[in-house]
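Enquirer: Got a structure here, written out as structure tokens. Questions coming.
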Amino acid sequence: SAVISQKPSRDICQRGTSLTIQCQVDSQVTMMFWYRQQPGQSLTLIATANQGSEATYESGFVIDKFPISRPNLTFSTLTVSNMSPEDSSIYLCSVEGEPGSGANVLTFGAGSRLTVL
Amino acid sequence: AQSVTQLGSHVSVSEGALVLLRCNYSSSVPPYLFWYVQYPNQGLQLLLKYTSAATLVKGINGFEAEFKKSETSFHLTKPSAHMSDAAEYFCAVSGGYQKVTFGIGTKLQVIP
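Sequences listed follow chains A and B, in order. Under my numbering, the residue at position 44 of the first sequence is numbered 44, and the numbers go up by one with no gaps. Under my numbering, the residue at position 105 of the second sequence is numbered 1105, and the numbers go up by one with no gaps.
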């Protein structure tokens, strides 16, 4: 399965600022997924990023708050804009772990833990 | 629509004791079911998956899970807990064209 590198691994940010998280995959993939993991809650899909097209956002998430780039088949970024303490969370990048199997197996990066003060 | 319910956000077991983590699902189509494990400061790692073959699925590190359609359950078990099993475990479901839906996770504590 693919190996995913995410950075930063953690950061402490000030309210009102923005932070960009990078996700690098060691192989070409069609879709990349961005998840949010809040304490005591399940993983929530933010958006799906396809190369060459705009990201598809899930209900409750908007492009102005979470702009995503997907410049090629191995790289994506997620920006958390105008951060508030409620954005403190772990953000995870993932890709399909078994492409073509139809089983939706996911491979995850180690995550980026953001704390907003 | 699909959903996952994990009973017990925290489970404690003694080292060497049986591990049982409960997961019930809801799906309008035949589901794929997964257990993922997350060790501290790491991403999620696939433990095992059910994809409509054998109902008893064996995964890594001695874990297994049984798909019971009549009970809509997919509980995770391990006969003997090891200290290294301490982690957070997530049950997940997907089916048809729907994306993966995760449960809230169960933190497993192993007591020496």
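Cβ atoms here follow ideal geometry from the backbone N, Cα and C, with glycine treated the same way. Given the structure is predicted, the values throughout are model-derived calculations rather than measurements.
(1) Thinking C-alpha only, which one of A:D26, A:S69, A:S53 and A:A47 is nearest G60 of chain A?
(2) Please name the residues in the stretch 36-47 of chain A whose beta-carbon is closer than 9 Å to at least one beta-carbon of chain B, in chain order.
(3) When burial is assigned at 16 or more other CB atoms within 10 Å of the CB, is I12 of chain A buried or exposed?
(4) Can V1110 of chain B and V1004 of chain B be called in contact, C-beta distance under 8 Å?
(5) What does A110 of chain A touch in chain B if you count any residue whose Cβ is under 9 Å from its own?
(6) Which chain B residues are close to V3 of chain A, counting only those with a beta carbon under 9 Å from its beta carbon?
(7) Does any residue of chain A have a CB that is nearer than 8 Å to the CB of G1103 of chain B?
(8) Following the continuous beta strand (DSSP E) through I4 of chain A, name the residue where it begins and the one where it ends.
(9) Along the chain, where does the beta strand (DSSP E) that runs through D26 of chain A open and close?
(10) Which whole-angstrom value describes the C-beta separation of S76 of chain A and M32 of chain A, a residue pair presumed to lie in contact below a C-beta threshold of 8 Å?
(11) Using a 10 Å radius around the Cβ and a threshold of 16 neighbouring Cβ atoms, would you call R36 of chain A buried or exposed?
(12) Comparing the C-beta of V1100 of chain B with each C-beta of chain A, is any distance below 8 Å?
(13) Comparing the C-beta of K1049 of chain B with each C-beta of chain A, is any distance below 8 Å?
(14) Step through the CB atoms of chain B and report whether any lies within less than 8 Å of the CB of N50 of chain A.
(15) Run through DSSP, which three-state label would I1060 of chain B get?
(16) Quick one: measure Cβ to Cβ for S89 of chain A and Q38 of chain A, integer angstroms, because I've assumed they're closer than 8 Å.
(17) Is the CB of S1094 of chain B under 8 Å away from at least one CB in chain A?
(18) Can you name, in chain order, every residue of its own chain whose Cβ lies under 7 Å from the Cβ of S69 of chain A, other than the five neighbours on each side?
(19) Let's test the definition: count the other Cβ atoms within 10 Å of the Cβ of K1049 of chain B and tell me whether it reaches 16, buried, or not, exposed.
(20) Compare the C-alpha of Q1006 of chain B against each of B:V1029, B:L1033, B:A1017 and B:G1016 and name the closest.
(21) Can you list the residues of chain A that F1090 of chain B reaches, using a CB-CB cut of under 8 Å?
(22) Along the chain, where does the beta strand (DSSP E) that runs through A1087 of chain B open and close?
Expert: Walking through what the data contain:
(1) A:A47
(2) Q37, G40, Q41, S42, L43, T44 and L45
(3) exposed
(4) no
(5) N1041, Q1042 and G1043
(6) The premise fails here: V3 of chain A is roughly 11 Å from chain B at the closest Cβ pair, so nothing lies under 9 Å.
(7) yes
(8) I4 to K7
(9) Careful: D26 of chain A lies outside any beta strand (DSSP E) and carries neither H nor E.
(10) 5 Å
(11) buried
(12) yes
(13) yes
(14) no
(15) helix
(16) 5 Å
(17) yes
(18) S76 and T77
(19) buried
(20) B:L1033
(21) S42 and L43
(22) A1087 to S1094
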